[in-house]
Amino acid sequence: MTASSGGHRERVARLEPLIDACRPLLAGAGGMAAVQRLLSEREVAVLDAVVITRELLGAGPGALAEAKAVVLTSPGRGRELRVHEQFMAVVARDGDSHEDGDRRASRAGDRSLPPARE
1 MTASSGGHRE RVARLEPLID ACRPLLAGAG GMAAVQRLLS EREVAVLDAV
51 VITRELLGAG PGALAEAKAV VLTSPGRGRE LRVHEQFMAV VARDGDSHED
101 GDRRASRAGD RSLPPARE
């Protein structure tokens with residue numbers, strides 16, 4: 001077991017009550033839109049929302065990318081999507097300079113990214 005898979009399992013365990021609360025919403029008429037609305041209204045962090053969405057979608061190939069797209073394009077996540085796009089533009093422009101990208105994204109107001117390493 002790697003440290004990251006252990007961390008993921010711990011995160012899933014911590015989020016399990018919310019995942020369980022989202023299952024009936026997903027199965028209902030509102031579907032995934034209702035799930036994303038609830039997560040946004042509860043101000044669930046983007047990373048946690050992606051984990052919850054991935055668990056609801058299942059863990060198959062492409063589920064993580066699909067979950068990320070669902071979360072970032074949901075109507076309640078416009079700010080997060082803009083910050084993500086700004087960060088990715090910096091990385092694409094400057095290469096893989098995480099420190100520089102982290103600082104710029106942090107200045108753009110994304111509190112879900114780790115602080116810049118000094």
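Note that the numbering used here gives residue 50 to position 50 of the sequence shown, counting from 1, and the numbers run on in steps of one. The C-beta atom is built at its ideal place from N, Cα and C for all residues, glycine as well. Since the model is a prediction, treat every value here as computed from it, not as a measurement.
- Ranking 15, 95, 81 by CA distance to the CA of residue 44 puts 15 first.
- Pairwise C-beta distances place the stretch 33–47 in contact with the stretch 58–75, as three or more of them are shorter than 8 Å.
- Note on geometry: alpha-carbon atoms of residue 59 and residue 94 lie some 33 Å from one another.
- Its chain contains 72 as the residues whose beta carbon lies nearer than 6 Å to that of residue 81, once the 5 sequence neighbours on both sides are disregarded; these appear in chain order.
- In the DSSP assignment, residue 85 falls within the alpha helix (DSSP H) that extends over 78–94.
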